[in-house]
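Colleague: Heads up, the sequence shown is in the working numbering, so the first residue is 11 and it goes up one at a time.
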Amino acid sequence: MASRSLFAAFRQISGLTAISRVLGFIRDVVFAHYLGAGAATDAFLVAFKLPNLFRRLTAEGALTNAFLPSYSLARQQKSDKAALILAAEVQTALFLGLCFIVLVMEVFMPFVVAGLAPGFMDTPDRLSAAVDLARLTMPYLPMISLVALWAAVLNSHDSFFGGAVAPVILNVCLIGGALCVPFFQAHLQLSAAHLGVPVAVAVLLAGTAQMFLLQHQLQRARLPMPLFRLGLSSEARRMWGSFVPAALGAGMMQINLLVDLVLASFLATGSISWLYYADRLAQLPLGLVGIALGTALLPRLSRLQAKSGSELQTQAAFCTELATAIKPAAILTLPAVAALLILPEVLIIGLFRSGAFQLSDAQAAAMALMAYALGLPAFVGLKLTQSALYAMDKGRFVLLTSSVSVALNICLSLILMQIYQHVGLALATSLVSWLAFIWQMVWLIRARRLDGSSLIVVLKAVFASGIMAAGLYVVLPGLHSLLASDMLIMLICVGAGMCVYSLTAHLLGLTAALFGRAQRQRT
Numbered sequence: 011m012a013s014r015s016l017f018a019a020f021r022q023i024s025g026l027t028a029i030s031r032v033l034g035f036i037r038d039v040v041f042a043h044y045l046g047a048g049a050a051t052d053a054f055l056v057a058f059k060l061p062n063l064f065r066r067l068t069a070e071g072a073l074t075n076a077f078l079p080s081y082s083l084a085r086q087q088k089s090d091k092a093a094l095i096l097a098a099e100v101q102t103a104l105f106l107g108l109c110f111i112v113l114v115m116e117v118f119m120p121f122v123v124a125g126l127a128p129g130f131m132d133t134p135d136r137l138s139a140a141v142d143l144a145r146l147t148m149p150y151l152p153m154i155s156l157v158a159l160w161a162a163v164l165n166s167h168d169s170f171f172g173g174a175v176a177p178v179i180l181n182v183c184l185i186g187g188a189l190c191v192p193f194f195q196a197h198l199q200l201s202a203a204h205l206g207v208p209v210a211v212a213v214l215l216a217g218t219a220q221m222f223l224l225q226h227q228l229q230r231a232r233l234p235m236p237l238f239r240l241g242l243s244s245e246a247r248r249m250w251g252s253f254v255p256a257a258l259g260a261g262m263m264q265i266n267l268l269v270d271l272v273l274a275s276f277l278a279t280g281s282i283s284w285l286y287y288a289d290r291l292a293q294l295p296l297g298l299v300g301i302a303l304g305t306a307l308l309p310r311l312s313r314l315q316a317k318s319g320s321e322l323q324t325q326a327a328f329c330t331e332l333a334t335a336i337k338p339a340a341i342l343t344l345p346a347v348a349a350l351l352i353l354p355e356v357l358i359i360g361l362f363r364s365g366a367f368q369l370s371d372a373q374a375a376a377m378a379l380m381a382y383a384l385g386l387p388a389f390v391g392l393k394l395t396q397s398a399l400y401a402m403d404k405g406r407f408v409l410l411t412s413s414v415s416v417a418l419n420i421c422l423s424l425i426l427m428q429i430y431q432h433v434g435l436a437l438a439t440s441l442v443s444w445l446a447f448i449w450q451m452v453w454l455i456r457a458r459r460l461d462g463s464s465l466i467v468v469l470k471a472v473f474a475s476g477i478m479a480a481g482l483y484v485v486l487p488g489l490h491s492l493l494a495s496d497m498l499i500m501l502i503c504v505g506a507g508m509c510v511y512s513l514t515a516h517l518l519g520l521t522a523a524l525f526g527r528a529q530r531q532r533t
């Protein structure tokens with residue numbers, strides 16, 4: 011069966027990711043309306059942090075990055091049936107291990123929550139609610155981990171819909187749960203701190219719906235995976251051997267986030283919130299471009315690496331595929347960088363300024379957004395280079411770069427926060443990401459898995475983005491003097507910027523480089 015083009019897969023994943031991000035904003039608005047910013051929200055966020063933390067270590071990137079190369083190798087060297095048996099072995103071990111973790115956490119949940127949020131010890135109602143909600147949400151961990159495994163199987167067969175739509179299901183269920191808060195409050199007489207109960211129940215409903223959807227997708231793709239298979243074949247041992255560094259690498263990224271949170275807590279009140287809102291905007295192009303492309307790229311590179319053939323043939327095909335991903339990444343990411351650098355305050359004010367979020371908050375968040383924008387090309391690029399390295403079974407090298415990045419991030423953050431306050435934390439993250447990205451690129455170049463075939467497209471995208479940035483810089487003062495509506499200014503700037511960039515990109519041949527290649531590509 012001919013595999014789908016990289017661009018077609020990217021388009022589907024990116025489209026569903028965009029829907030999920032929009033629903034995420036709606037979810038935040040609904041949460042704020044029905045739960046506020048008090049004990050109920052505090053309790054739910056702490057409770058949901060537990061399965062989220064383990065999910066990031068076991069389910070999302072780590073499991074997929076370790077599993078897909080092993081699965082692709084089993085398909086190439088043996089058969090689809092052998093690969094599905096491998097998936098069943100991994101599924102059984104994963105499910106049993108995570109169920110054991112859930113049972114232990116359920117028993118010791120009061121101690122776990124007290125360690126995660128020691129400040130709750132002074133407010134027994136928040137502590138009690140967080141413990142109860144955490145016990146409700148913890149079973150989501152094995153659910154989402156199985157969903158991630160099944161999505162990886164589908165991705166290997168060029169079926170990306172199930173995995174990409176899973177976050178949409180979660181956000182829809184969370185919104186529905188929040189909308190049910192008044193009903194639960196009226197009929198069950200919940201305490202103020204326990205108002206998050208329907209949202210916690212919605213998490214489990216989301217996990218159930220995600221599992222049913224992914225199983226349906228597996229059956230539709232005619233991939234009958236055995237439900238239970240004890241054993242540890244050589245392929246399974248290889249996969250778990252790759253999983254350990256992948257999970258540790260994911261753990262390093264969580265340490266980075268935790269360090270930023272801890273350091274920001276020592277700065278001026280509001281620093282954590284300013285970084286949060288800036289990060290939300292920076293994460294939008296990262297999710298739509300970097301994560302979507304990385305998800306589509308990994309199974310293709312894994313298949314190329316597993317194919318029998320000469321090393322020169324593998325190198326050439328690998329370089330071509332990676333360059334094919336770099337081109338749309340540059341074309342779509344660089345204008346976002348330009349917009350975030352020229353319009354940070356316009357975007358923050360237009361999207362978030364209302365009520366208690368004052369102009370001073372918007373200005374502080376905008377400065378952090380500019381610092382994050384400087385690192386955005388590296389954030390996106392790392393998703394591609396890491397996919398290439400995991401496809402080559404070089405997870406230990408990714409772990410090395412992640413570990414060094416964490417150490418450097420701590421050192422740089424401690425230095426830069428003294429000079430630039432919260433902006434220094436964002437700037438440290440960007441600088442360290444560039445170092446990791448360049449390090450991984452150099453390794454791939456030396457391994458003959460990356461060449462300069464995409465350089466011309468990248469330079470053209472830089473030029474087109476510069477033209478757009480210059481235009482926005484010129485017209486922005488005039489818009490501020492003519493219009494009073496922050497939202498209208500933002501919409502005009504975004505629309506005008508897109509038009510200028512699209513026209514310039516078309517004249518430079520970037521449209522053909524993006525869509526023309528996508529239409530021709532078949533493997």
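All C-beta atoms in this analysis are idealised placements derived from N, C-alpha and C, irrespective of residue type, glycine included.
Determine contact between the stretch 207 to 221 and the stretch 179 to 193, defined as no fewer than three beta-carbon pairs at a distance below 8 Å.
Modeller: With the cut-off at 8 Å, the stretch 207 to 221 and the stretch 179 to 193 touch.
Colleague: Work out the CA separation of Ser512 and Leu200 for me, nearest whole Å.
Modeller: C-alpha separation (whole angstroms): 53 Å.
Colleague: My assumption, with CB atoms under 8 Å, is that Leu273 sits in contact with Ser423. Please give the rounded CB distance.
Modeller: Yes, they are in contact, since the Cβ atoms of Leu273 and Ser423 sit about 6 Å apart, within 8 Å.
Colleague: To the nearest angstrom, report how far apart Gly543 and Ala203 are at their CA atoms.
Modeller: The structure shown has nothing for residue 543, since the chain only spans 11 to 533.
Colleague: Applying the 10 Å Cβ sphere with the 16-neighbour rule, what's the burial state of Glu321?
Modeller: Exposed: under 16 other Cβ atoms inside 10 Å.
Colleague: So, using beta-carbon positions, are Val442 and Ser415 closer together than 8 Å?
Modeller: Cβ distance < 8 Å, so Val442 and Ser415 count as in contact.
Colleague: Any contact of the stretch 108 to 121 with the stretch 19 to 37, i.e. 3+ C-beta pairs under 8 Å?
Modeller: Flag = no, the stretch 108 to 121 and the stretch 19 to 37 do not touch.
Colleague: Could you have a look at Leu63 and say whether DSSP puts it in helix, strand or coil?
Modeller: Note: Leu63 maps to helix in three-state DSSP.
Colleague: To the nearest angstrom, how far is the alpha carbon of Ala231 from that of Ser370?
Modeller: Computed Cα separation, rounded: 53 Å.
Colleague: Provide the residue span of the alpha helix (DSSP H) that contains Thr330, from first to last.
Modeller: Taken as a continuous stretch (DSSP letters only), the alpha helix (DSSP H) holding Thr330 covers 321 to 352.
Colleague: In the structure shown, what three-state DSSP assignment does Lys393 receive?
Modeller: It is helical.
Colleague: Go ahead and label Asp52 buried or exposed: buried means 16 or more other beta carbons lie within 10 angstroms of its beta carbon, across all protein chains shown.
Modeller: It is buried - the Cβ of Asp52 has at least 16 other Cβ atoms within 10 Å.
Colleague: Verify whether the separation of the beta carbon atoms of Ser243 and Glu99 is less than 8 Å.
Modeller: Yes.
Colleague: Going by the CB atoms, is the gap between Ser82 and Leu96 shorter than 8 Å?
Modeller: In this structure, Ser82 does not lie closer than 8 Å to Leu96 by Cβ.
Colleague: Report buried or exposed for Cys421, applying the criterion of at least 16 other Cβ atoms within 10 angstroms of its Cβ.
Modeller: Exposed, because fewer than 16 other Cβ atoms sit within 10 Å of the Cβ of Cys421.
Colleague: At which residues does the alpha helix (DSSP H) containing Leu498 begin and terminate?
Modeller: Taken as a continuous stretch (DSSP letters only), the alpha helix (DSSP H) holding Leu498 covers 496 to 517.
Colleague: Could you spell out the range, first to last residue, of the alpha helix (DSSP H) harbouring Ala479?
Modeller: Taken as a continuous stretch (DSSP letters only), the alpha helix (DSSP H) holding Ala479 covers 465 to 492.
Colleague: One question on the structure: do Ala335 and Leu307 come within less than 8 Å of each other, judged by their Cβ atoms?
Modeller: Yes.
Colleague: Checking 8 Å against the spacing of the C-beta atoms, do Ala346 and Pro309 come in under that value?
Modeller: Their beta carbons are not under 8 Å apart, which means Ala346 does not touch Pro309 by this criterion.
Colleague: My parser needs the beta strand (DSSP E) runs of 3 or more residues fully inside the stretch 23 to 108; what are they?
Modeller: Counting whole runs of 3 or more residues, the stretch 23 to 108 contains no beta strand (DSSP E) stretch at all.
Colleague: Quick one: using the 10 Å Cβ neighbour count with 16 as the cut-off for buried, is Leu493 buried or exposed?
Modeller: Leu493 comes out exposed.
Colleague: Would you say Ile466 and Lys393 are within 8 Å of each other, going by their C-beta atoms?
Modeller: Contact: no.
Colleague: Alpha carbons only, please: which of Phe118, Leu486, Ala92, Gln450 is nearest the one belonging to Arg406?
Modeller: The option with the nearest alpha carbon to Arg406 is Gln450.
Colleague: In whole angstroms, what is the alpha-carbon distance linking Thr514 and Asp289?
Modeller: The alpha-carbon atoms of Thr514 and Asp289 are separated by roughly 29 Å.
Colleague: Determine contact between the stretch 145 to 155 and the stretch 216 to 230, defined as no fewer than three beta-carbon pairs at a distance below 8 Å.
Modeller: The stretch 145 to 155, when compared against the stretch 216 to 230, does touch it at the 8 Å Cβ threshold.
Colleague: Helix, strand or coil: how does DSSP classify Thr218 here?
Modeller: Thr218: helix per DSSP, three-state reduction.
Colleague: Classify Lys91: buried if its beta carbon has 16 or more other beta carbons within 10 angstroms, exposed otherwise.
Modeller: Burial call: exposed.
Colleague: If you measure between the beta carbons of Leu350 and Leu386, is that distance less than 8 Å?
Modeller: Yes; because the gap between Cβ atoms is below 8 Å, this pair is in contact.
Colleague: If you drop the 5 nearest sequence neighbours on each side, which residues of the same chain put their C-beta closer than 6 Å to that of Leu94?
Modeller: Correct list, in chain order: Met235.
Colleague: Tell me the rounded alpha-carbon separation between Leu379 and Tyr287.
Modeller: Computed Cα separation, rounded: 8 Å.
Colleague: Where Ala372 and Ser491 are concerned, what is the direct C-alpha to C-alpha distance, given to the nearest angstrom?
Modeller: Going by the C-alpha atoms only, they are around 19 Å apart.
Colleague: May I ask you to report which of helix, strand or coil DSSP gives Ser440?
Modeller: Residue state, collapsed to three classes: helix.
Colleague: Cα-Cα, which of Ala72, His432, Val40 is closest to Asp403?
Modeller: Considering only alpha carbons, the answer is Ala72.
Colleague: Compare the beta carbon distance of Pro177 and Ser30 with 8 Å and say whether it is the shorter of the two.
Modeller: Going by C-beta atoms, Pro177 is nearer than 8 Å to Ser30.
Colleague: Measuring straight from C-alpha to C-alpha, what distance separates Val40 and Val32?
Modeller: Using only the alpha carbons, I get a separation of about 13 Å.
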